[in-house]
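The next block holds one structure in the form of structure tokens; read it before the comments.
There are 2 protein chains.
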Amino acid sequence: MTSRTTRQVRAQRAEVFKALGHEDRLRILEDLAAGERCVCELVESVGSSWSTVSRHLSILKAAGVVADEKRGLQVFYRIALPCVVSFMTCLDASRRGEAVEVRRCCA
Amino acid sequence: MTSRTTRQVRAQRAEVFKALGHEDRLRILEDLAAGERCVCELVESVGSSWSTVSRHLSILKAAGVVADEKRGLQVFYRIALPCVVSFMTCLDASRRGEAVEVRRCCA
DNA sequence: GATCTATTTCGCAAGAGTGCGAAATAGGCG
DNA sequence: CGCCTATTTCGCACTCTTGCGAAATAGATC
Chain A
10 MTSRTTRQVR
20 AQRAEVFKAL
30 GHEDRLRILE
40 DLAAGERCVC
50 ELVESVGSSW
60 STVSRHLSIL
70 KAAGVVADEK
80 RGLQVFYRIA
90 LPCVVSFMTC
100 LDASRRGEAV
110 EVRRCCA
Chain B
10 MTSRTTRQVR
20 AQRAEVFKAL
30 GHEDRLRILE
40 DLAAGERCVC
50 ELVESVGSSW
60 STVSRHLSIL
70 KAAGVVADEK
80 RGLQVFYRIA
90 LPCVVSFMTC
100 LDASRRGEAV
110 EVRRCCA
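Chain order of the listed sequences is A and B.
If you read the first sequence in the working numbering, its first letter stands for residue 10, the second for the next number, and so on.
If you read the second sequence in the working numbering, its first letter stands for residue 10, the second for the next number, and so on.
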């Protein structure tokens, strides 16, 4: 967080935040927080077309937020950046005005 | 993070992430991480026009990421959501492949 | 109260992101 | 090998975001 943060690091951070800045992609992350899912399950959960969900996933993957693995006919996605999930919990608490115990914020 | 996350909570989270999804706004946050700053200082640091920086700040403020206070002729901005700063540190570490000690992630 | 200064709001043109159906791809399977 | 299934890529129309200069606003100051 020093003033020496390079442009590249900042660009990487921004890519992650852009990837997270869409409600349907957050919905996907909620699903994945409960365990890995195949694309077909996510399509059902999000309620958009296959092509749209697939693009959402590719954006999350390019940002490094999720990872995928092909097994048999299906592709399974899982969260690759667990601190994202705890950060959202932290966000919600702050929004509610709760003074978050920082030790417990990112677990 | 349960499946009972409401649409509203998800929308609030998305608003925060959208606000953070821009390199110049991340630059602003880096400046603010070192202490409060007036708009004039941020304009200098970011290198865009006053109107552009002002809009960046209003986006961050609407999302609850920063807060402002008018003192004398100037408006001072400061970070209102400290866990954002520690989350970025966490992100950087994950990106470098470092196994982050989650206890120390959000401090 | 006129003026000056710091900041925000407005309106527009350009660019980026979104969602969809159709077409393409990649393996597993008979 | 040819087919079927799960998923990704493409192309397009559409909406949202961005950045700027000009105009508006809000106080402090004279």
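Even for Gly, the Cβ is constructed at its ideal location relative to N, Cα and C.
Local conformation of residue i per DSSP, three classes
{"i": "B:V84", "result": "strand"}
{"i": "B:E24", "result": "helix"}
{"i": "B:R46", "result": "strand"}
{"i": "B:E118", "result": "The structure shown does not extend to residue 118 of chain B, since chain B spans only 10 to 116, so no value can be given for it."}
{"i": "B:S12", "result": "A caution first: B:S12 carries a pLDDT of 49, below 50, which makes its placement in the model unreliable, though a value can still be read off. In the structure shown, B:S12 sits in coil (DSSP, three-state: anything other than H, G, I, E or B)."}
{"i": "A:A72", "result": "coil"}
{"i": "A:A116", "result": "Bear in mind that a pLDDT of 45 at A:A116, under 50, signals an unreliable position, so the model cannot answer this."}
Residue from the options with nearest C-alpha to residue i
{"i": "B:D77", "options": "B:F26, B:R46 and B:E32", "result": "B:R46"}
{"i": "A:R87", "options": "A:G106, A:L38, A:L100 and A:R80", "result": "A:L38"}
{"i": "A:L82", "options": "A:C49, A:T14 and A:D40", "result": "A:C49"}
{"i": "A:F26", "options": "B:V18, B:E53 and B:L35", "result": "B:L35"}
{"i": "B:R16", "options": "A:R19, A:H31 and A:A20", "result": "A:H31"}
{"i": "B:Q21", "options": "A:D33, A:R13 and A:T14", "result": "A:D33"}
{"i": "A:G44", "options": "A:R105, A:A89 and A:G106", "result": "A:A89"}
Chain-ordered neighbours of residue i on chain B, where CB pairs are closer than 7 Å
{"i": "A:L41", "result": "Per Cβ cutoff of 7 Å: no residues; A:L41 is ~10 Å from chain B at best."}
{"i": "A:D77", "result": "Within 7 Å Cβ-Cβ: nothing; A:D77 doesn't reach chain B, min ~17 Å."}
Supposed contact pair residue j and residue i - C-beta distance, whole angstroms, cut 8 Å
{"i": "B:V93", "j": "B:V62", "result": "Their Cβ separation, rounded to whole angstroms, is 19 Å, which puts B:V93 and B:V62 out of contact at 8 Å."}
In chain order, what residues of the region 47 to 74 of chain B put their CB closer than 7 Å to some CB of chain A?
G73
Just by C-beta distance, which residues in the region 14 to 34 of chain B are closer than 7 Å to chain A?
T14, V18, R19, A20, Q21, R22, A23, V25, F26, K27, L29, G30, H31 and E32
Which residues of the region 80 to 92 of chain B have a Cβ closer than 9 Å to any Cβ of chain A? Give them in chain order.
A89, L90, P91 and C92
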